[in-house]
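Chemist:
Number of protein chains: 2
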Amino acid sequence: MMPALVQDPRVSVVAACDTDGEALEVFVREFRAKPYGRLEELCADPDVDVVYVATPHSLHGPHAVMAAEHGKHVMVEKPMALSLEDCDLMIAAAARNNVQLLVGYTYGQSPAVQKMREIIDGGELGPVRMINAWNYNNWLYRLRPPHDLDVALGGGAVFNQVVHQIEMVRTLAGGPVTSVRASTGAWDTGRPAVGSSLAFVEFDNGVVASIAFSGYDHFDTDEFHFSIGETGEVKPPAHGETRKALGQVKDYSEELRLRAEGRSSMYRRALDPTHHESEQLSQPHFGVIVASCEKGDLRPSGDGVMVYADAGKYEVPLPPVHRPPGWGGFVEEVYNAVIGAEPPVHDGRWGRASVEVCLAIVESAKTRREIRLPLEG
Amino acid sequence: MMPALVQDPRVSVVAACDTDGEALEVFVREFRAKPYGRLEELCADPDVDVVYVATPHSLHGPHAVMAAEHGKHVMVEKPMALSLEDCDLMIAAAARNNVQLLVGYTYGQSPAVQKMREIIDGGELGPVRMINAWNYNNWLYRLRPPHDLDVALGGGAVFNQVVHQIEMVRTLAGGPVTSVRASTGAWDTGRPAVGSSLAFVEFDNGVVASIAFSGYDHFDTDEFHFSIGETGEVKPPAHGETRKALGQVKDYSEELRLRAEGRSSMYRRALDPTHHESEQLSQPHFGVIVASCEKGDLRPSGDGVMVYADAGKYEVPLPPVHRPPGWGGFVEEVYNAVIGAEPPVHDGRWGRASVEVCLAIVESAKTRREIRLPLEG
């Protein structure tokens, strides 16, 4: 998200807050931002218009509420929170203080999925009926902070990865989810977070979807997607490489150190204009997803959307992508919401609905029963 | 199935019965078999050891029972029947008359799926946990007899196509199915059978599976399978071609005539030894299927099984395939059962369990509720 923010001339990164002094130091040096050790102080800064809450999921609620209470607009990373109670507090705080609350970025907001939605809305393919999404990747073996692995802190695949698929499916299906039947898996005792998930989802309008995820670095759905990686880069096959690399890391504190190093080099790349322009990318994507309408199927292609209609298939191209890929649409949405030009689609209610589906997946996996929505908040 | 039967030197095609005189005439001419207009007469023929029931699904029950009552072993096409009552009558008749009853051929019996099962049984990848199967093909627009289209006669995708996926998933998962949540679609008013289906299936042992099918000739999962067709042939992209070809057929009686013509040329190919040997085929397959074990994923590759293990991926090759592809394993199983060498895996109870899952899919789609198994018979 940072690259998209710094590249937008309407956005200035003015301040940052982190309890990790070292991380804060790197950030403020790279982005020339004011450092704050306490969030209240950042929220009291009159130069700040929008607070981007990128803290561990379990803290999204209190941090977003604090920002709203100080009259700041709020962008919060997905998942919006880990409970419907927190979501409701965030929505209420934003409403009470008359500020915008937006949740993102997710792959539901990616150009390809948005284009698919636009084609569906065009009506030529008839109503959408069935959506199937698979993602098999190496998520669990990338360098991970504690809150990605510890279920109590919102760790595991459901809140961190499947939520992208939920948002893609919701974007394409429209309407509220009424039923979830799901199962999750935690298969690696050495990395004991939930790493896989399978869900059947039905919507109020009768659309059904399946969402399959595995982050165990075995099969890789990018094989089905032209060997293009998640952020649009060319991706040679590397099955098992991520697990192997993690195997070289001697303990969890080294993993955290490597992660911090990676973050600071990511910051430098975000600020390097030559890097942004140098590489032609394909569209960002998240596994494979096929949406079936009565008169045609749709799926993201490398550089656009492939339409399989009654008379044959054709590709709808999307504008070429440069770094940062995709995220710009969300920055645009935030900007328009903040200046009052357009109410956001991905507001608190939107984000809450995805949290609700995540919670239903967890509950269905636990009880081995179908869960009807809405859940009691 | 006929090519596999005529090529096995242990099998003789001695007689045939059909109420369609023209079809019967073609069959007995091509296969040099005795013609019967009534099934009782065929069943009374002392030269007949095994009756292969390939009648419309709704007649499998009475026909299989009749054959068993005459002391004949029975092979019955999938689905075994359209109700559990019929399945139970068939099983009871076979037991009472001390004859074998086998159900097939399905893609669960294909060499690749059998090899996947063998690898799972080997235990190196740990227990199987999640299986996902997609098939998007052109099924609905191929030339179809009435009983493929009319739900009352067992028409529609669930009993005709999804049953293959059910058998693949059951073969890989092991154990009985305990829960089904599903939805089906009938999207083309000009071809009003059920043409799509999505099901979440949970097994007694905790394995979960998703089964997605669309026969609407839009997206084609063979794109994900090396552009190899169902029976292992090289398959250039031809989206929409089947629908277009069917559009040239002026009415349903012409469709039936073309189907009959196709059948007789198929018979000739079955008997043509040069045809069998001439073409090197890839493995037969039915869409894409990925089985996830705790320590690795498996899927059919073009010529074997691809294993994505902790340390990377490798391919387990299968013996080269010539026409007829795959079916031979089932003929072997029938032969061994009939001579008393080995009890069959794909017996009446096996076939009944797949019918039960089909019925649960239909019921869940109707009620939009989870269906718990076993169903009341």
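So the protein sequences, as listed, match chains A and B.
Residue numbers for the first sequence follow the working numbering, beginning at 1 and rising by one.
Residue numbers for the second sequence follow the working numbering, beginning at 1001 and rising by one.
Glycine included, every Cβ here is placed at the ideal spot set by N, Cα and C.
Quick one: which residues of the region 126-142 of chain A get their C-beta closer than 8 Å to a C-beta of chain B? List them in chain order.
Modeler: For the region 126-142 of chain A, which is checked against every Cβ of chain B, the residues closer than 8 Å are 126, 129, 130, 132, 134 and 136.
Chemist: Among the candidates 1038/B, 1210/B and 1197/B, whose CA atom is the shortest distance from the CA of residue 1363/B?
Modeler: For this step, residue 1363/B is matched to residue 363 along the second sequence. Checking every option, the nearest Cα to that of residue 1363/B belongs to 1197/B.
Chemist: Measuring alpha carbon to alpha carbon, tell me which residue in 1164/B, 1344/B, 1092/B and 1155/B is nearest residue 1106/B.
Modeler: As a position in the second sequence, residue 1106/B is number 106, starting the count at 1. Here the closest residue by C-alpha is 1164/B.
Chemist: Does the Cβ-Cβ distance between residue 378/A and residue 147/A come in under 8 Å?
Modeler: The first residue shown for chain A is 1 and the last is 377, placing residue 378/A beyond what the model contains.
Chemist: Is the Cβ of residue 1063/B closer than 8 Å to any Cβ of chain A?
Modeler: What you label residue 1063/B is simply residue 63 of the second sequence in a count that begins at 1. Judged by the 8 Å Cβ criterion, residue 1063/B is not in contact with chain A.
Chemist: Step through the CB atoms of chain B and report whether any lies within less than 8 Å of the CB of residue 181/A.
Modeler: The residue you call residue 181/A lines up with position 181 of the first sequence. Closer than 8 Å to some Cβ of chain B, the Cβ of residue 181/A qualifies, so yes.
Chemist: Here's the rule: buried if 16 or more other CB atoms are within 10 angstroms of the residue's CB, otherwise exposed. What is residue 280/A?
Modeler: As a working note, residue 280/A is residue 280 in the first sequence. Per the 10 Å Cβ criterion, exposed.
Chemist: Can you look up residue 1350/B in the DSSP assignment and give me helix, strand or coil?
Modeler: Here residue 1350/B refers to the residue found at position 350 of the second sequence. Three-state DSSP puts residue 1350/B in a helix.
Chemist: Out of curiosity, what's the CA-to-CA distance linking residue 1075/B and residue 345/A?
Modeler: Counted from its first residue, the second sequence places residue 1075/B at position 75. Counted from its first residue, the first sequence places residue 345/A at position 345. Rounded to whole angstroms, residue 1075/B to residue 345/A spans 58 Å at the Cα level.
Chemist: With a cut-off of 8 Å, does the C-beta of residue 394/A fall near any C-beta of chain B?
Modeler: The structure shown does not extend to residue 394/A, since chain A is modelled only from 1 through 377, so no value can be given for it.
Chemist: Taking only three categories from DSSP, how would you classify residue 132/A?
Modeler: The residue given as residue 132/A occupies position 132 in the first sequence. Strand at residue 132/A.
Chemist: Report buried or exposed for residue 108/A, applying the criterion of at least 16 other Cβ atoms within 10 angstroms of its Cβ.
Modeler: For this step, residue 108/A is matched to residue 108 along the first sequence. Counting Cβ neighbours within 10 Å, residue 108/A comes out buried, since at least 16 surround it.
Chemist: Cβ closer than 8 Å: which chain B residues qualify as neighbours of residue 296/A?
Modeler: On the first sequence, residue 296/A is found 296 positions in, with the first residue counted as 1. What residue 296/A touches in chain B: 1218.
Chemist: Does any residue of chain A have a CB that is nearer than 8 Å to the CB of residue 1174/B?
Modeler: Counted from its first residue, the second sequence places residue 1174/B at position 174. No, residue 1174/B does not count as interfacial toward chain A.
Chemist: Using a Cβ cut-off of 8 Å (strictly closer), state whether residue 427/A contacts chain B.
Modeler: The requested residue 427/A is not part of the displayed model; chain A covers only 1 to 377.
Chemist: Taking residue 187/A as the query, report the chain B residues whose CB atoms sit under 7 Å from its CB, ordered along the chain.
Modeler: On the first sequence, residue 187/A is found 187 positions in, with the first residue counted as 1. Per Cβ cutoff of 7 Å: 1129 and 1294.
Chemist: Please list, in chain order, the residues of the region 1243-1272 of chain B that have any C-beta partner in chain A closer than 9 Å.
Modeler: Hits within the stretch, in order: 1243 and 1244.
Chemist: I'd like to know whether the C-beta of residue 1214/B is nearer than 8 Å to at least one C-beta of chain A.
Modeler: Along the second sequence, one-based indexing puts residue 1214/B at 214. Output row for residue 1214/B: interface = yes.
Chemist: Can you check whether the CB of residue 1221/B is closer than 8 Å to the CB of residue 1287/B?
Modeler: Here residue 1287/B refers to the residue found at position 287 when the second sequence is read from its first residue. Here residue 1221/B refers to the residue found at position 221 when the second sequence is read from its first residue. Yes, the pair counts as a contact, with Cβ atoms nearer than the cut-off.
Chemist: Which chain A residues sit within Cβ distance under 8 Å of residue 1240/B?
Modeler: Taking the second sequence and counting its residues from 1, the one referred to as residue 1240/B is at position 240. Per Cβ cutoff of 8 Å: 308, 309, 310, 311, 312 and 313.
Chemist: Give me whichever residues DSSP pairs with residue 1073/B in a beta bridge.
Modeler: Taking the first residue of the second sequence as position 1, residue 1073/B is located at position 73. Paired residues: 1050/B.
Chemist: Could you please give the first and the last residue of the uninterrupted beta strand (DSSP E) stretch that includes residue 1313/B?
Modeler: Mapped onto the second sequence, residue 1313/B falls at position 313. Residue 1313/B -> beta strand (DSSP E) spans 1312-1317.
Chemist: Does any residue of chain B have a CB that is nearer than 8 Å to the CB of residue 363/A?
Modeler: Position 363 of the first sequence, counting from 1, holds the residue named residue 363/A. No, no contact with chain B.
Chemist: Using a Cβ-Cβ distance under 8 Å, would residue 1226/B count as near chain A?
Modeler: As a first step, residue 1226/B is located in the second sequence; it is residue number 226 there, counting from the start. No, residue 1226/B does not count as interfacial toward chain A.
Chemist: Count the CB pairs spanning the region 1207-1219 of chain B and the region 1132-1143 of chain B that are closer than 8 Å, and state whether there are at least three.
Modeler: Because the criterion of three Cβ pairs below 8 Å is met, the region 1207-1219 of chain B and the region 1132-1143 of chain B touch.
Chemist: So, for residue 1087/B: in the same chain, excluding its five sequence neighbours on each side, which residues have a beta-carbon less than 6 Å away from its beta-carbon?
Modeler: Residue numbering aside, residue 1087/B sits at position 87 when the second sequence is read from its first letter. Closer than 6 Å at Cβ, skipping near neighbours: 1080, 1081, 1352 and 1355.
Chemist: With distance defined between alpha-carbon atoms, name the residue in 184/A, 211/A and 141/A nearest to residue 248/A.
Modeler: Locating residue 248/A in the first sequence gives position 248, where the first residue counts as 1. Residue 248/A has its Cα closest to that of 141/A, out of 184/A, 211/A and 141/A.
Chemist: Output needed for residue 61/A: all residues of its chain with C-beta closer than 7 Å, excluding positions within five of it in sequence on either side, in chain order.
Modeler: Here residue 61/A corresponds to residue number 61 of the first sequence, with the count starting at 1. Only 81, 86, 89 and 90 meet the Cβ criterion.
Chemist: In the DSSP assignment, what residue or residues form a beta bridge with residue 202/A?
Modeler: Translated into the one-based positions of the first sequence, residue 202/A becomes position 202. DSSP, once it has assigned bridges, lists 179/A and 208/A as partnering residue 202/A.
Chemist: Would residue 1202/B pass as an interface residue toward chain A - the criterion being a Cβ-Cβ separation below 8 Å?
Modeler: Looking up residue 1202/B in the second sequence gives position 202. For residue 1202/B, the answer is yes, since a Cβ of chain A falls inside 8 Å of its Cβ.
Chemist: What's the C-alpha gap between residue 268/A and residue 1299/B?
Modeler: Numbered from 1 along the first sequence, position 268 holds the residue referred to as residue 268/A. Numbered from 1 along the second sequence, position 299 holds the residue referred to as residue 1299/B. Cα to Cα, the separation comes out at about 41 Å.
Chemist: Report, in whole angstroms, the separation of the C-beta atoms of residue 2/A and residue 270/A, which I expect to be a contact under 8 Å.
Modeler: Residue mapping note: residue 2/A aligns to position 2 of the first sequence, counting from 1. Residue mapping note: residue 270/A aligns to position 270 of the first sequence, counting from 1. Indeed, because the Cβ distance is near 5 Å, the residues count as touching under 8 Å.
Chemist: Looking at the unbroken beta strand (DSSP E) that takes in residue 1289/B, where does it start and where does it end?
Modeler: In the second sequence, the residue the question calls residue 1289/B occupies position 289. Element bounds for residue 1289/B: 1288-1293.
Chemist: Does the region 174-182 of chain A come close enough to the region 367-376 of chain A that 3 or more CB-CB pairs lie under 8 Å?
Modeler: Touching, yes.
Chemist: Indicate the three-state DSSP secondary structure (helix, strand or coil) for residue 1298/B in the structure shown.
Modeler: Translated into the one-based positions of the second sequence, residue 1298/B becomes position 298. Strand at residue 1298/B.
Chemist: Look up residue 1213/B in the DSSP assignment and say whether it is helix, strand or coil.
Modeler: In the second sequence, the residue the question calls residue 1213/B occupies position 213. In this structure, residue 1213/B counts as strand in the three-state DSSP scheme.
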